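In this text, residue positions in the sequence shown follow the working numbering: the first is 12, and each later residue adds one.
Worksheet: the structure to be examined is printed underneath.
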Amino acid sequence: MQSLRFDLRLMVGVITMNNKLVFNKNELMDFTMMMGVNMMMFGVILGFISVMGQYIERIFNESKEKPVNIIGIIRNCTRTSKRYKVFNLELKTY
Numbered sequence: 012m013q014s015l016r017f018d019l020r021l022m023v024g025v026i027t028m029n030n031k032l033v034f035n036k037n038e039l040m041d042f043t044m045m046m047g048v049n050m051m052m053f054g055v056i057l058g059f060i061s062v063m064g065q066y067i068e069r070i071f072n073e074s075k076e077k078p079v080n081i082i083g084i085i086r087n088c089t090r091t092s093k094r095y096k097v098f099n100l101e102l103k104t105y
């Protein structure tokens, strides 16, 4: 129901701007035209902000499931690993 009201308002605004442009060619930038352009541009900006917010929310939710730090896990290693070059610091062997 709410989207139907928005669609009706958008159609009325487009028709009003079209009539102003067709019948009043000397007054292109009157109040109706400026408000219509502002509403369209703010709609585009808010749409992009909402898409970015959803993307950041997905990244945040995904990062909650990972370990806090990987260094704490590798630091307690007791053997040397040639693949990751982790050294045993307790025996001071490099």
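Every residue, glycine too, gets a C-beta built ideally from N, C-alpha and C.
Nothing here was measured: the structure is a model prediction, and the numbers come from that model.
For the options I56, T27, M52 and V55, the alpha carbon positioned closest to that of F42 is the one of T27. In the structure shown, the three-state DSSP call for E68 is helix. If you draw a straight line from the Cα of G47 to the Cα of M22, it is about 11 angstroms long. In this structure M44 is in contact with K31, their Cβ atoms being roughly 6 angstroms apart against a cut-off of 8 angstroms.
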